[in-house]
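Residue numbers (the working numbering): 3 to 321. Don't be surprised by glycine CBs; every beta carbon is placed ideally from N, CA and C. Predicted model, so just to flag it, every value in this text is computed and none were measured. Some notes on the structure that comes next.
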Ligand SMILES: [Zn+2]
């Protein structure tokens with residue numbers, strides 16, 4: 003991925019490309035931002051920039067350096083992932099320190115990606131600080147963390163900090179369309195909106211059966227609207243497969259009932275199932291249904307038997 007392909011965050015991209023073009027690229031960077039905002043993706047783009055062999059725009063995405071970076075097999079890119087045991091230990095940092103003084107194997111620069119530093123303890127940070135104070139000229143350190151304030155002030159002051167935010171819904175949806183070309187653009191737009199533009203969360207929702215729960219919630223709503231009690235029972239029985247699946251479906255159902263209420267008030271909405279509900283049910287019926295779904299969500303938080311729960315939900319939706 004090239005820098006300009008990174009979604010949103012125009013200020014960060016502008017500052018980084020300015021540093022890249024001017025030859026004043028920092029020795030240490032901290033990328034901070036919430037989960038799913040693209041910290042790791044940006045760290046890998048910076049790593050590719052450091053090892054890119056092109057004379058023009060870097061990372062070019064096609065040279066041998068970029069290709070190895072993409073396949074995570076470049077000998078001058080060192081990655082340690084804080085979610086793995088021992089990854090942020092003082093021993094790891096000492097190893098990095100020793101290694102950093104050895105010249106790059108084949109790239110113009112060596113780069114150390116120290117990812118997910120949220121749990122990096124002070125002794126390890128202090129060990130890192132020693133090399134950040136006098137870094138070898140051809141070495142770049144990239145740290146990712148949810149908030150730079152978690153790190154020691156001394157580490158922060160030796161680094162340039164870049165803050166990532168989720169892009170707006172349209173930008174996020176456009177990215178999701180590229181990533182999931184087979185999926186319905188309208189649905190991807192809903193995912194982007196649902197996750198307030200947070201691409202990581204949206205991808206997780208799409209890949210973890212987000213579509214399945216949406217489809218089931220829509221079918222359930224249709225069965226409620228048409229008062230088809232037997233169909234409804236068959237549908238709610240599907241919820242007994244897992245608590246997580248039930249929770250996601252009920253959450254989606256709650257969202258659809260909210261949409262239906264908005265449609266009844268004359269607002270524009272995108273879901274067909276919610277539109278139908280707003281046409282067939284009175285506002286009062288929609289409010290009762292919404293309340294019952296809220297209760298269903300609450301009940302699910304207790305350790306309720308899922309077989310019992312699915313039957314109970316069917317009955318309460320037909321109230
Ligand atoms: Zn390249």
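- Around the beta carbon of residue 237, a 10 Å sphere encloses 16 or more other beta carbons of the protein chains shown; the residue is thus reported as buried.
- A distance of 8 Å or more separates the beta carbons of residue 115 and residue 141.
- Residue 278 has its Cβ no nearer than 7 Å to any heavy atom of ligand 1.
- Measuring C-alpha to C-alpha distances from residue 122 to each of 151, 112 and 137 identifies 151 as the nearest.
- By the Cβ rule, the segment 15-22 does not count as touching the segment 167-183, because fewer than three pairs are nearer than 8 Å.
- Within its own chain, the residues whose Cβ lies closer than 7 Å to the Cβ of residue 225, once the five positions on either side in sequence are excluded, are 233, 234 and 237, listed in chain order.
- Residue 30 has 143 as its beta-bridge partners, per DSSP.
- In the DSSP annotation of this structure, the continuous segment of the beta strand (DSSP E) that includes residue 162 starts and ends at 162-165.
- Distance from the C-beta of residue 64 to the nearest heavy atom of ligand 1 is below 7 Å.
- Unbroken beta strand (DSSP E) stretches of 3 residues or longer found wholly inside the segment 89-150: 112-117 and 141-147, given in chain order.
- The three-state secondary structure of residue 177, taken from DSSP, is helix.
- Per the Cβ contact rule, the segment 61-69 is not in contact with the segment 170-177 (fewer than 3 Cβ pairs under 8 Å).
- In the structure shown, residue 13 falls within a helical segment according to DSSP collapsed to helix, strand and coil.
- Going by C-alpha positions, residue 252 is about 7 Å away from residue 295.
- Spanning the alpha carbons of residue 240 and residue 247 requires a straight line of approximately 9 Å.
- With contact defined as three or more Cβ pairs closer than 8 Å, the segment 269-285 and the segment 252-261 are in contact.
- Residue pairing for residue 79: DSSP places it in a beta bridge opposite 113.
- For residue 191, the three-state secondary structure derived from DSSP is helix.
- Taking the CA atoms as reference points, residue 49 sits about 22 Å from residue 91.
- By the CB criterion at 8 Å, residue 165 and residue 41 fall outside the cutoff.
- Counting only residues of its own chain and dropping the five nearest sequence neighbours on each side, residue 242 has a CB closer than 6 Å to the CB of 308, 309 and 312.
- Assignment of residue 70 by DSSP, reduced to helix, strand and coil, places it in the helix class.
- Closest option to residue 302, judged by alpha-carbon separation, among 196, 287 and 244: 244.
- Shown here, residue 158 sits in a helix according to DSSP, grouped into three states.
- Judged by DSSP secondary structure, residue 299 falls within the alpha helix (DSSP H) whose first and last residues are 285-303.
- Counted as a single uninterrupted DSSP element, the alpha helix (DSSP H) harbouring residue 310 occupies residues 308-319.
- Scanning its chain for C-beta atoms nearer than 7 Å, with the 5 sequence neighbours on each side dropped, one finds around residue 133 the residues 99 and 102, in chain order.
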